[in-house]
Structures are given as structure tokens and as C-alpha cells.
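Structure, as C-alpha cells:
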Amino acid sequence: MGESMLANIKPRLKQLGLKLKMSKFIARENIGAIARREANPVHIAHALRKQLLMSSILRDAKYVEIDGKIFVDPFVPFMPSPYFRKVLENNSVTSLPLKPNYAEIAITNKCPCDCFHCHVKNTDETDLSETAILGAIDDIVSEDFPLLIFAGGEPMSRFNSLLRFVRRASRDLDTRLFTSGVGASYERLRQLKDAGLSGLYVSIDHSTPSKHNELRQHPNAFQRACNTVASARELGFYVSVVCCVSVFLVEFVAHCLLLDFLCQRFSGLEVVRYDGQQ
Ligand code: SF4
Numbered sequence: 000m001g002e003s004m005l006a007n008i009k010p011r012l013k014q015l016g017l018k019l020k021m022s023k024f025i026a027r028e029n030i031g032a033i034a035r036r037e038a039n040p041v042h043i044a045h046a047l048r049k050q051l052l053m054s055s056i057l058r059d060a061k062y063v064e065i066d067g068k069i070f071v072d073p074f075v076p077f078m079p080s081p082y083f084r085k086v087l088e089n090n091s092v093t094s095l096p097l098k099p100n101y102a103e104i105a106i107t108n109k110c111p112c113d114c115f116h117c118h119v120k121n122t123d124e125t126d127l128s129e130t131a132i133l134g135a136i137d138d139i140v141s142e143d144f145p146l147l148i149f150a151g152g153e154p155m156s157r158f159n160s161l162l163r164f165v166r167r168a169s170r171d172l173d174t175r176l177f178t179s180g181v182g183a184s185y186e187r188l189r190q191l192k193d194a195g196l197s198g199l200y201v202s203i204d205h206s207t208p209s210k211h212n213e214l215r216q217h218p219n220a221f222q223r224a225c226n227t228v229a230s231a232r233e234l235g236f237y238v239s240v241v242c243c244v245s246v247f248l249v250e251f252v253a254h255c256l257l258l259d260f261l262c263q264r265f266s267g268l269e270v271v272r273y274d275g276q277q
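Reminder that position 148 of the sequence shown reads as 147 in numbering that gives the first Met the number 0, one-by-one numbering, no gaps.
Here's what the structure looks like:
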């Protein structure tokens, strides 16, 4: 078997192995629930149908293993954990409304960027006090949520408080953070990791730095976002990149697709010139 074929097969086997681990965990939970008489076979059959539906939704998901934790989706707690078990329970109930699987707290309205799509910039209200947010975290814990996401504004703009919130929440929840990367640094990320944060969502809206910076109205936003992704991966966070789709990006992707099509259709094509309205 050639080296390149081996290189292709290895990641697939890894994915298969992680899927199997997750399936085993879920099967064990179902059997355990029957054995403990927490669920009857009809209930389990209902849960299995839901779990099959979930697996078909997640069939193309990328499984990631970090320090023995398996992550399958940015909005699903890691496995194995009591938080993942809680999601299984939430998705197995037969009554409506379904229980939510995650909560989100905007800890600040402050942000060094000024994105055109921002949902916060028209909010004049000052930030909630630390006491109010710690109280909200306690409420979220007592309501049995499995996952809490910190957002803003830019949460790094209120870093010391953020650390305290993450430390408190991570005792009872899986915790994640939305950030533009502006205000993040390796040292800050390390402190968040030590406080218990498991994952980050970093915004990157365009592959061209100047376009991303223009959309974010910040001269270093692209570089900071890329640095944050690299540092967070090095520190062992589960990292997702989120993208606010803009006209710029749609046009860019359309151009790439057209270019790809033309290159495949007409071999040897060297120059493509775009004319038309902006
Ligand atoms: S980074 Fe987020 S909070 Fe800041 S301006 Fe952009 S959308 Fe608003």
C-alpha cells in the first residue's frame, strides 16, 4: 500500500474509531437507563429514533479528540461527560417543549470592532454587574443546562470578569466562548483554559485580510483572529471558525466556483477577466 493511500486512510480510521466510541457511550447510557428502570423499552425506542435522527444530521460532522474528550459539534458538549449525558436525556423526552441544550450570556456590550452586521451596537444599555451575571450562571446551572456560551460584544473586553465567570460556570457546565480574537492573546487564552473553558468560536468572515478588516472595521482583526485560532489549537481548545456571510464573500465564492469550472472545462485556460457591475 502506497504512503499517500495510508495517509488518506488514517484520518478516516480515526474518525470511525471516534464514532464507535461515541456510539458505545450512547448504547451504554440506553442500557443503563433500562437497567436502573429510569426508562422503559418504549421510552428507549423513542430515544433511539431521536438518536438515529441526530446521527443522520451529524453524519458528516468532524469528530475531534482532545485530551480524551470527543467533540462532535460546536453546540454539543464533549463526550464522555455528564453534560453530554444531559443532552441525550433532553433529546429523549416524549413531551414538548424540548429542553434547551445550551444557554448564552452576553457579558458585555463593549467591542473594539464595528461590524456592519452587529446586533449589539444599537444597544445603549451598560453591562450587567458581575453579581447579576454570576447569579444568572447559578440560575442556568440550577435549570440543568449542559452547555454555556459566553458572548458579547467582545468578551475579551471584560477579561477579568470573564475569567471569574468561566471559572464559576465550568464547575457545573461545559463552557465555550465567542470572540473576534481582538483582545485575545496566548496568555489570556491559557488562563481561560486553566479556568475550565473547553472551546472557542472565532469569527473569520473573509479569506482576504483587508476584506475581513473592512467588515469588522478594525485594522488588525484578521491577524488577531488567525493568531487566536492558532494559539487556541495549540492550547488544546476545541476551535470552530464562524463566518458572517456577506455579499463580498458570496461574490468571492461564486468567482472561485466559476474559475474552477472554467479551468476544468477548458484545459490550458490562463487568463480570466471579470467585467460587470459591482
Ligand atoms: S465583533 Fe461582534 S460585538 Fe463586535 S462589532 Fe462585530 S459583531 Fe458586534
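All C-beta atoms in this analysis are idealised placements derived from N, C-alpha and C, irrespective of residue type, glycine included.
Residue j beta carbon less than 8 Å from that of residue i
i, j, result
"cysteine 112", "arginine 215", "yes"
"leucine 256", "lysine 192", "no"
"valine 238", "leucine 196", "no"
"alanine 32", "isoleucine 43", "yes"
"alanine 224", "valine 201", "yes"
"asparagine 89", "leucine 95", "no"
"alanine 194", "arginine 157", "no"
"alanine 231", "leucine 188", "yes"
"tyrosine 101", "isoleucine 148", "yes"
"methionine 155", "threonine 125", "no"
"threonine 93", "histidine 45", "yes"
"valine 41", "leucine 57", "no"
"lysine 160", "glutamate 129", "Inspection of the sequence shows that residue 160 is occupied by serine rather than by lysine. Result yes, Cβ atoms of serine 160 and glutamate 129 sit closer than 8 Å."
Assigned secondary structure, residue i (DSSP; H/G/I helix, E/B strand, else coil)
i, result
"threonine 122", "coil"
"valine 249", "helix"
"glutamate 186", "helix"
"glutamate 129", "helix"
"tyrosine 101", "coil"
"serine 197", "coil"
"serine 55", "helix"
"isoleucine 69", "strand"
"tyrosine 62", "coil"
"valine 241", "strand"
"serine 202", "strand"
"isoleucine 106", "coil"
"isoleucine 8", "helix"
Residues of its chain near residue i, where Cβ-Cβ distance is below 6 Å and the 5 sequence neighbours each way are ignored
i, result
"lysine 68", "Phe77"
"leucine 204", "One point to set straight first is that residue 204 is aspartate, not leucine, in the sequence displayed. Within the same chain, aspartate 204 has close Cβ partners His211, Leu214, Cys242, Cys243."
"valine 119", "Asn108, Gly152"
"aspartate 171", "Val140"
"leucine 15", "none"
"asparagine 29", "Ile43"
"leucine 248", "His205"
"proline 10", "none"
"tyrosine 273", "Confidence in tyrosine 273 is poor, its pLDDT being 48 and thus under 50, which makes the residue's placement unreliable; the coordinate value appears in the next sentence. No residues qualify anywhere along the chain."
"serine 80", "none"
"phenylalanine 74", "Tyr101"
Residues near residue i by beta carbon distance below 7 Å, same chain, minus five either side
i, result
"isoleucine 132", "Ile104, Ile106, Phe164"
"phenylalanine 221", "Pro208, His211, Asn212"
"tyrosine 82", "Pro76, Pro145, Leu146, Leu172, Asp173"
"serine 245", "Asp204, Leu214"
"valine 240", "Val201, Ile203, Val228"
"tyrosine 185", "Ser230"
"lysine 18", "Tyr62"
"methionine 53", "Asn90"
"lysine 20", "Ile69"
"glutamate 64", "Leu17"
Residues near residue i in its chain [Cβ-Cβ closer than 8 Å; skip 5 each side]
i, result
"glutamine 190", "Leu162"
"alanine 6", "none"
"proline 218", "Asn212"
"leucine 51", "none"
"aspartate 143", "Lys85, Lys98"
CB contact below 8 Å: residue i versus chain B
i, result
"arginine 157", "The displayed structure is made up of one protein chain only, and chain B is not part of it."
Query - Every unbroken alpha helix (DSSP H) inside the region 138-178 [4 residues or more] - result: 158-168
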